[in-house]
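Right, one structure below, let's go through it.
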Amino acid sequence: MGRRDFQVKLRGQRIELGEIEETIVRGSIFVSGCIVVKYTYHEQEHLLAYVEVAGNQMKTEELREGCVSRLPSYMIPSIFICLDRFPLMSNGKVDRKALPAPESMTFCATLLEHIQPTTKMEERVQNIWCKVLHMESISVKLSWFALHGTSLLFMKLYNMYQIEFGIAPDIVDCFRHSTISEHAKLLSKIITSTGAEHYQAWSCLNLDKGEASFAQSRIFLDEQIRFHSSNEKIISIYSLPFLYRLAEGSLSISYLQRALRQVTRKHAVLRTSVRLDPINRNLTQYIQPNNAQDCFVFCTSIIDDGNMLENILTDEMTNQTYFDLQTGQLFRCHIVRQRSTIIQDNDDFLHEGDWIIFNFHHIAFDGESEQIFLDDFQKLYCQTENVQADDLHTALQYIDCELNSFKTLT
């Protein structure tokens with residue numbers, strides 16, 4: 001078989017290929033040899049296992065299942081290619097260069113062919129996979145392990161199953177049956193046996209207060225205890241500023257403000273304060289009403305050079321007074337205009353080269369929130385009229401998800 005000490009680095013993990021080969025060979029009496037290589041397809045790295053199986057006595061899924069039960073997920077090959085006999089060199093060693101390319105093998109059809117969902121459940125599971133793996137679309141026959149699915153990502157996937165369907169499938173079954181199609185069948189089977197009430201869709205509860213979530217409590221306590229400076233001011237460690245430059249055209253400042261008001265009306269977490277309940281002394285989240293005044297700070301600066309912009313951005317990142325969890329001051333918009341672009345004193349437009357800083361407190365915002373915020377902001381900016389409060393009142397809120405999730409898991 002040649003050297004057994006080949007090592008590769010894949011997705012940050014150093015892998016001993018010989019260990020995988022030995023596991024596959026020992027897993028079945030029908031397997032007489034195995035070679036595992038790192039293979040790049042469409043800029044994605046995979047482990048590819050060539051398996052010598054006399055008479056095609058083994059199916060690729062059997063080989064994969066054997067690996068799942070014996071190896072960590074990052075060491076499970078994405079592709080298995082079964083051959084009757086390995087090509088050999090004159091000295092009797094395997095000729096690795098003569099091994100068939102994956103593209104020419106029908107065994108790789110599940111990796112190279114995109115198969116769309118055929119059932120509603122497959123569509124729902126596919127949507128969850130796409131969110132977890134940050135992909136636009138995934139073939140329902142493609143294995144989780146072929147998609148670089150790590151153990152941490154799998155736990156996120158598993159938690160989303162619990163939230164979406166209100167059930168907890170067997171983790172081992174999910175690993176052994178690792179495609180969207182197979183997960184859809186597992187989930188459908190559990191739902192059928194436990195009753196439809198366990199996966200009813202969550203609805204907006206229209207709450208104005210509730211117990212703080214674990215994440216909110218952690219951040220609140222961090223600021224109040226761990227990151228409290230000696231001069232009794234809160235260290236600014238949870239500011240999340242996003243800087244955008246207007247590349248072309250113009251942007252109405254009044255329309256921008258209107259859109260931001262409507263975004264904060266839609267997303268209650270941006271107008272939520274976190275403080276101790278005066279009665280039960282529990283840490284509680286309070287939501288300001290939709291008809292409250294602006295729930296965000298809006299300010300304008302005019303600059304002459306890039307150094308002034310850098311100073312403004314540094315201030316946004318470090319200023320200790322910009323956010324207040326106990327009053328719900330969690331979001332601010334700072335527009336930065338170049339003096340040279342201002343046409344007249346009452347100019348209501350931002351022009352090419354001007355900047356917008358959206359700054360959030362991390363208790364209400366994270367990296368996953370950015371695209372949601374931008375999509376809603378763009379949509380609401382383009383509205384010709386104010387959106388009615390009732391149109392925004394039915395959106396599922398963070399507080400709803402936390403309460404429903406707690407009920408589901410208890």
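When the letters of the sequence shown are read in order and numbered with the UniProt record's numbering, they come out as residues 1 to 410.
Yeah, the Cβ is synthetic: ideal placement off N, Cα and C, and Gly gets one too.
Paired residues, beta bridge with residue i - DSSP
i: residue 81; result: 50
i: residue 37; result: 48
i: residue 9; result: 14
i: residue 94; result: 88
i: residue 194; result: For residue 194, which the question treats as bridged, DSSP gives no partner whatsoever.
i: residue 125; result: Per DSSP, none; premise fails for residue 125.
i: residue 179; result: 143
i: residue 31; result: 53
Alpha carbon of residue i to alpha carbon of residue j, nearest angstrom
i: residue 365; j: residue 331; result: 9 Å
i: residue 207; j: residue 136; result: 33 Å
i: residue 198; j: residue 272; result: Per-residue confidence for residue 198 stands at a pLDDT of 47, beneath the threshold of 50, marking its modelled position as unreliable; the derived number appears in the next sentence. Each residue's Cα considered, the two are about 30 Å apart.
i: residue 252; j: residue 278; result: 43 Å
i: residue 179; j: residue 22; result: 25 Å
i: residue 280; j: residue 217; result: 16 Å
i: residue 98; j: residue 313; result: 57 Å
i: residue 84; j: residue 100; result: 12 Å
i: residue 306; j: residue 341; result: 14 Å
i: residue 248; j: residue 130; result: 32 Å
i: residue 238; j: residue 344; result: 37 Å
i: residue 120; j: residue 171; result: 22 Å
i: residue 38; j: residue 80; result: 12 Å
i: residue 114; j: residue 138; result: 7 Å
i: residue 328; j: residue 256; result: 21 Å
i: residue 35; j: residue 225; result: 55 Å
i: residue 14; j: residue 86; result: 26 Å
i: residue 173; j: residue 32; result: 28 Å
i: residue 51; j: residue 240; result: 50 Å
i: residue 399; j: residue 289; result: 14 Å
i: residue 186; j: residue 353; result: 53 Å
i: residue 215; j: residue 204; result: 21 Å
i: residue 10; j: residue 147; result: 13 Å
i: residue 411; j: residue 333; result: Residue 411 cannot be examined here, being either before or after the span of the chain that is shown, 1 to 410.
i: residue 297; j: residue 61; result: 57 Å
i: residue 168; j: residue 134; result: 23 Å
i: residue 63; j: residue 48; result: 12 Å
i: residue 181; j: residue 149; result: 16 Å
i: residue 194; j: residue 321; result: 51 Å
i: residue 368; j: residue 222; result: 21 Å
i: residue 102; j: residue 351; result: 52 Å
i: residue 346; j: residue 339; result: 13 Å
Contacting residues, own chain, Cβ-Cβ under 6 Å from residue i (five flanking each side not counted)
i: residue 117; result: 123, 126, 140
i: residue 268; result: 287, 397
i: residue 411; result: The question about residue 411 has no answer here: the residues shown for the chain are numbered 1 through 410.
i: residue 242; result: 358
i: residue 361; result: 238, 323, 330
i: residue 259; result: 377, 380, 381
i: residue 65; result: 176
i: residue 25; result: 31, 34
i: residue 27; result: 66
Contacting residues, own chain, Cβ-Cβ under 8 Å from residue i (five flanking each side not counted)
i: residue 275; result: 283, 284, 286, 325, 326
i: residue 263; result: 270, 373, 376, 377, 380
i: residue 88; result: 94, 95
i: residue 309; result: 303, 336, 355
i: residue 220; result: 212, 274, 283, 325, 363
i: residue 370; result: 242
i: residue 40; result: 46
Residues near residue i in its chain [Cβ-Cβ closer than 7 Å; skip 5 each side]
i: residue 145; result: 73, 76, 78, 178
i: residue 414; result: Any answer about residue 414 is impossible in this case: the structure gives the chain only from 1 up to 410.
i: residue 318; result: 236
i: residue 300; result: 335, 337
i: residue 68; result: 76, 175, 176
i: residue 71; result: 20, 23
i: residue 8; result: 15, 17, 38
i: residue 184; result: 119, 121, 122, 125
i: residue 349; result: 250, 251, 252, 253
Report the residue ranges of all beta strand (DSSP E) runs contained in full by the region 349-389; include only those spanning at least 3 residues, in chain order. With a minimum length of 3 residues, the continuous beta strand (DSSP E) runs that stay inside the region 349-389 are 349-351, 355-361.
Can you list the beta strand (DSSP E) stretches of 3 or more residues lying completely in the region 210-269, in chain order? Scanning the region 210-269 from its first residue to its last, the whole beta strand (DSSP E) runs of 3-plus residues come out as 239-245, 250-252.
For the 8 Å Cβ check, are there 3 or more pairs between the region 210-220 and the region 171-191? The region 171-191 and the region 210-220 do not touch, with fewer than three beta-carbon pairs separated by less than 8 Å.
Taking only runs that begin and end inside the region 266-351, name each unbroken alpha helix (DSSP H) of 4 or more residues, in chain order. Taking only runs of at least 4 residues, the alpha helix (DSSP H) segments lying wholly in the region 266-351 are 306-318.
In the region 131-168, which residue ranges form an unbroken alpha helix (DSSP H) of at least 4 residues, counting only runs that do not cross its ends? Along the region 131-168, the alpha helix (DSSP H) occurs as fully enclosed runs of 4 or more residues at 151-165, listed in sequence order.
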